[in-house]
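In full-length UniProt numbering, the protein residues as written are 1 to 280.
By construction, the Cβ of each residue, glycine as well, lies at the ideal position given by its N, Cα and C atoms.
Below: the structure, in structure tokens.
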Amino acid sequence: MNSIYDKLMKCYDCFQKKINFTPEIALVLGSGLGNYASKIKIEATLDYHDIDGFPVSTVPGHQGRYIFGYVENVPVVCMQGRVHYYEGYPISDVVLPIRLMKLMGAKVLFLTNAAGGINKNFHAGNFMLIRDQISSFVPSPLIGPNIDELGVRFPDMSDIYDQKLRHVIRRTAGHLEIPLHEGVYIQLTGPNYESPAEVQMCKALGADAVGMSTACEAVAANHMGMQICGISCISNLACGISEQPLNHAEVQEMADKAAPLFEKLVTGCIIDISASLNKK
């Protein structure tokens, strides 16, 4: 058996022994949304440490657990703390939590993150609906023998961020009167922030926001046939766009300031996405 698939199935077996819950939507809580779990009706929690072989987040502010519960009447599983490639894990471990949520039963993957703004029309505290992505600067999680049980060898990537879900999110943001930009997200490895020249490179490639997560997760989820959507909180302007040096504490602070509005947007989107999925 493929060692990556074998590890995933051991994690799934561990989950099944501990949790009896079937989520409809999987939500990854990025920086600034870590406290979102307190807003939902929690049915169960599962610490990453309690899942055999599961990678554990080492980043400050990332708590490291799955939370199972309801946003109104929508069953969700939330990742409170993601795993990053820069932490030293192989890319297959970075996306293992995403694959596991699909096995739990989640149909939709809702990705959130804090990102640096490259588009000069963006300002710190803005939100960007992810239209497309550039993942070429991190290894593909699909490299190696294909795991046929998860998906096809050469998955199509023409609509990674589902067009119908993007329409729902735009409509929800409009109803809530929350301004929402739209653009392309690019993932670099980190953990260092980008140099001004690297930011200019990203801009030339067509990116509107840059971060250290998300894109590889979307590749793995797309491979498994999940519907994907994503929103970035622009926590800072990228190096060279802003004249100020960057540091993690200030990025976290801005993400925290934007959190109440971000939480309102995410809640509205989850409710409306679920309604769109269940329309007859």
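- Beta-bridge pairing by DSSP links residue 229 to 110.
- In the three-state DSSP reduction, residue 63 falls in the coil class, being neither helix nor strand.
- In chain order, 118, 119, 183 and 184 place their CB closer than 6 Å to the CB of residue 208, counting only its own chain and leaving out the 5 sequence neighbours on each side.
- Cβ atoms of residue 262 and residue 239 stay farther apart than 8 Å, at about 23 Å.
- Residue 41: not part of any alpha helix (DSSP H); member of the beta strand (DSSP E) spanning 41 to 47, first to last residue.
- Residue 42 is classed as exposed because its beta carbon has fewer than 16 other beta carbons within 10 Å across all chains shown.
- Residue 93 is classed as buried because its beta carbon has at least 16 other beta carbons within 10 Å across all chains shown.
- For residue 182, the enclosing beta strand (DSSP E) covers residues 181 to 187.
- In the DSSP assignment, residue 25 forms a beta bridge with 76 and 108.
- For residue 236, the pairing in a beta bridge is given by DSSP as 116.
- Annotated as proximal: residue 113 and residue 211, with beta-carbon spacing under 7 Å.
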